[in-house]
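Peer 1: The following block contains the structure, expressed as structure tokens.
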Amino acid sequence: SLRRLENEILKELLGSQITLGELDNPVKVSINQFFGIEINNFAVTVAQTALWIAELKMKRETEAIVHKNLELFPLKTYPNIIQANALKIDWASIFTISNEQLVMSNDDDENSITHCSLLIPNYIVSNPPFVGASMMNQAQKSDAVSIFGKIKLSNSIDYVGSWYHKAAKLIQGTNIRAAFVSTNSITQGEQVTPLWQKIFDEYGMQIIFGRRTFKWDSESFQKAAIHCVVIGIADKSVAFDKKIFDGEKIYSAKNINPYLVDAPTIFIESRAKHIQPFVPRMTNGSQATDGGNLILSADEAKKILQREPSLEKFIFACFSGKDFLYGKPRYCFWLENATPDEIRRSKELYRRVSAVRDFRLASSAVQTRKFAETPHLFIANRQPTTNYLFIPQVSSERRRYIPMGFLSPENICLDPNFIVPSAQIYEFGIITSSIHMSWMRAVAGRLKSDYRYSGSVVYNNFAWIEANKDQKSLIEASAAEILSVRAKYPRATLADLYDELTMPPDLRQAHRKNDLAVARAYGFEEILSDEAKIVAELMKRYESLTNE
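Each residue of the sequence shown is one higher than the one before, counting from 16 in the numbering used here.
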């Protein structure tokens, strides 16, 4: 591609004139300027051969432009592309950093997926292996530890993050730029802080452009769509016109933060409590850790009650996120009020409680073994005694709104889903609004491509407005209308109602009314249709709150 561009320049310089006599070789771009690192030996050979073929082909095109035969070099192997692990080798050892050099690297994971990388003059470009933090093998984890050190949450950083740290360390204090095609999760959730804070603060980097999340469909990924970003970095001492690419749109930016938003550089960390003390507390659901002995399917619950009808008072409906979205609860033994004699008299209860005890005793976790002393109880009972707001942890990226709603206390919320025990209709209106959804999409983690809500990262860092009486009344009315419209469709699940293809028009309209009411309270009415601007404003408020 660079040689083709050079040929276009030669056309402009020479026009249609025929060049006679002696002519210095006009070609300035050479494969001698390309350097590479590739872990797979076969890919090294492919890269060397492909470069030679490209060089030969482009020289033929140049000859047609200058109307002169150029001396062709003999086929030979260039030592500039080497076989090595890019995270273990010192990049500076294979080339000399200068404005005249063009460096190419190519790294491959153990599954032999080719990941090409390039360094162009003063520019490092790479597409490292796409391996999530939880999917890294022992060798990859060892590579990452050697790069990051044993910092807080280092085990949450995707494998791609190691390339950012290597590049930042190499190019600090120079005018070299670097860019990597990456898994989009490095701009989301809890790994943002451990990955980017050192890059910004210690290495002194800035983000000079960002290509927001896009789907990369490739046969190499077994037809799975990989969600990627492309991020360019450089030393913060160098001036750049920063750009954000979002689909077909291109935005100029004053500052690009690690969430790829034109907003202050902030690091949103996990918090046990909300950043504003007046906001209702959010917590996880109750945790069984029971080896499957306290949780029942609907069929299991039915058969148990046929055998022992007296156990009905101990069987409660319980909900995971999927159960809640599809309106199909499972059931559980909720034995908070069960007496020892009731457990002993029931063969079913005694067998299951005994199995829970054995399961917990076999655990490698000291705390879990401790709960073997109370095998009839969940290890964490966070169930409210009044109606509460249920928020599923995982929800499809195809939904504009995360479906959430109120449950009564006899319906058990299961961890890792979330509850707001004291939430009223006003809090529901704020959390279900597009203002909160915009924030969630910007800072939440992902499970594959689905939203992964977090109380400690998303909710506890979201800046709430202190609404006046009139603003609060409007939000309460619009939020109540959402619940009222839902009730008109008793046979539809929340998954049905919030599918973008099947969402009823009146429910969509009710949400729009609520969005507008919340936006007016925030002063966001004029930017309600621009999610990036909403997130930027919320990040400014977050920065102000943390400074306070």
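Heads up, the beta-carbon is just placed ideally off N, CA and C, and yes, glycines get one too.
What you are looking at is a predicted structure, and each value in this text was computed from that prediction instead of being measured.
#1: Let me know if Glu78 comes out buried or exposed under the rule of 16 or more other beta-carbons within 10 Å of its beta-carbon.
#2: Can you tell me whether Val458 is buried or exposed, with buried defined as 16 or more other CB within 10 angstroms of its CB?
#3: Rounding to the nearest angstrom, what Cα-Cα distance links Trp454 and Arg372 in this structure?
#4: Check Ala547 in the structure and name its three-state DSSP category.
#5: Which runs of the beta strand (DSSP E) fall wholly inside the region 49-97 and span at least 3 residues, in chain order?
#6: Exposed or buried, Asp216, counting other C-beta atoms within 10 Å across all chains shown (16 or more means buried)?
#7: State the Cα-Cα distance for the pair Ser141 and Ala69, rounded to the nearest angstrom.
#8: With contact counted as at least three CB pairs below 8 Å, one residue from each stretch, are the region 272-284 and the region 306-318 in contact?
#9: Please classify Leu516: does DSSP put it in a helix, a strand, or coil?
#10: Determine the direct distance from the alpha carbon of Ile191 to that of Cys333, and round the result to whole angstroms.
#11: Could you check the C-alpha separation between Pro295 and Lys362 for me, to the nearest Å?
#12: Report the residue from Asn308, Pro399, Arg322 and Val381 whose alpha carbon sits nearest the alpha carbon of Cys347.
#13: Could you say which of Tyr341, Gly147, Ile96 and Val245 lies nearest to Tyr274 if we only look at CA atoms?
#14: Give the straight-line distance between the Cα atoms of Lys269 and Lys257, rounded to the nearest whole angstrom.
#15: Cβ atoms of Thr447 and Ile497: under 8 Å apart, would you say?
#16: Short of 6 Å in beta carbon distance, which residues of its chain neighbour Ala99, apart from the five on each side in sequence? Order them along the chain.
#17: Once you ignore the five residues that flank Tyr537 on each side, which residues in its own chain have a CB closer than 7 Å to its CB?
#18: Out of Asn396, Arg414 and Val409, which has the shortest C-alpha to C-alpha gap to Asn426?
#19: Can the beta-carbon of Tyr218 be found less than 8 Å from the beta-carbon of Ala183?
#20: Could you have a look at Ala249 and say whether DSSP puts it in helix, strand or coil?
#21: Report the start-end ranges of each beta strand (DSSP E) in the region 427-501 that is 3 residues or longer and not cut off at the edges.
#22: So, with DSSP's three-state summary, where would you put Tyr346?
#23: Look at the alpha carbon of Asp521 and the alpha carbon of Ala492, and state the distance between them as a whole number of angstroms.
#24: If you check the beta carbons only, do Leu350 and Leu320 fall under 8 Å apart?
#25: Compare the Cα-Cα distances from Phe421 to each of Phe433, Ser410, Ser177 and Tyr266 and report the closest residue.
#26: Report the residue from Val368, Gln408, Ser378 and Leu25 whose alpha carbon sits nearest the alpha carbon of Asp338.
#27: Is it true that the CB of Ile417 sits closer than 8 Å to the CB of Tyr468?
#28: Only counting the same chain, and skipping five residues up and downstream in sequence, which positions put a Cβ closer than 8 Å to that of Ile358?
#29: Give the straight-line distance between the Cα atoms of Arg345 and Ile330, rounded to the nearest whole angstrom.
Peer 2: Let me lay it out:
#1: Sixteen is the threshold: since fewer than 16 other Cβ atoms of the shown chains lie within 10 Å of the Cβ of Glu78, the residue is exposed.
#2: Label assigned to Val458: buried.
#3: When only Cα atoms are considered, Trp454 and Arg372 end up about 42 Å apart.
#4: In the structure shown, Ala547 sits in a helix (DSSP, three-state: H, G or I).
#5: Fully enclosed beta strand (DSSP E) runs of no fewer than 3 residues occupy 51-53 of the region 49-97, in order along the chain.
#6: With fewer than 16 Cβ atoms within 10 Å of its Cβ, Asp216 is classed as exposed.
#7: Roughly 20 Å between the two C-alpha positions.
#8: Fewer than three Cβ pairs drawn from the region 272-284 and the region 306-318 lie within less than 8 Å of each other, which leaves the two stretches out of contact.
#9: Three-state DSSP puts Leu516 in coil, outside helix and strand.
#10: Approximately 56 Å between the Cα atoms of the pair.
#11: About 42 Å.
#12: Check the Cα spacing between Cys347 and each of Asn308, Pro399, Arg322 and Val381: the tightest is with Asn308.
#13: For Tyr274, the closest alpha carbon among the candidates Tyr341, Gly147, Ile96 and Val245 is that of Val245.
#14: Straight-line spacing of the CA atoms in Lys269 and Lys257 works out to 7 Å.
#15: Yes. Within cutoff.
#16: Hits under 6 Å: Ile52.
#17: Hits under 7 Å: Ile450 and Ile480.
#18: Sorting Asn396, Arg414 and Val409 by C-alpha distance to the C-alpha of Asn426 places Asn396 at the top.
#19: Yes, these two residues count as a Cβ contact at 8 Å.
#20: Note: Ala249 maps to strand in three-state DSSP.
#21: Fully enclosed beta strand (DSSP E) runs of no fewer than 3 residues occupy 433-435, 460-462 and 465-467 of the region 427-501, in order along the chain.
#22: If DSSP states are grouped into helix, strand and coil, Tyr346 belongs with the strands.
#23: Near 15 Å, if we compare the C-alpha coordinates of Ala492 and Asp521.
#24: In this structure, Leu350 sits away from Leu320, with a CB-CB distance that is not shorter than 8 Å.
#25: Of Phe433, Ser410, Ser177 and Tyr266, the smallest CA-CA separation from Phe421 is found for Phe433.
#26: Nearest of Val368, Gln408, Ser378 and Leu25 to Asp338, Cα basis: Gln408.
#27: Remark: C-beta atoms of Tyr468 and Ile417 approach each other more closely than 8 Å.
#28: Non-local C-beta neighbours of Ile358 in its own chain, meaning closer than 8 Å and more than five positions away in sequence, comprise Leu350, Leu364, Tyr365, Val368 and His391, ordered along the chain.
#29: The straight-line gap from Cα to Cα measures roughly 10 Å.
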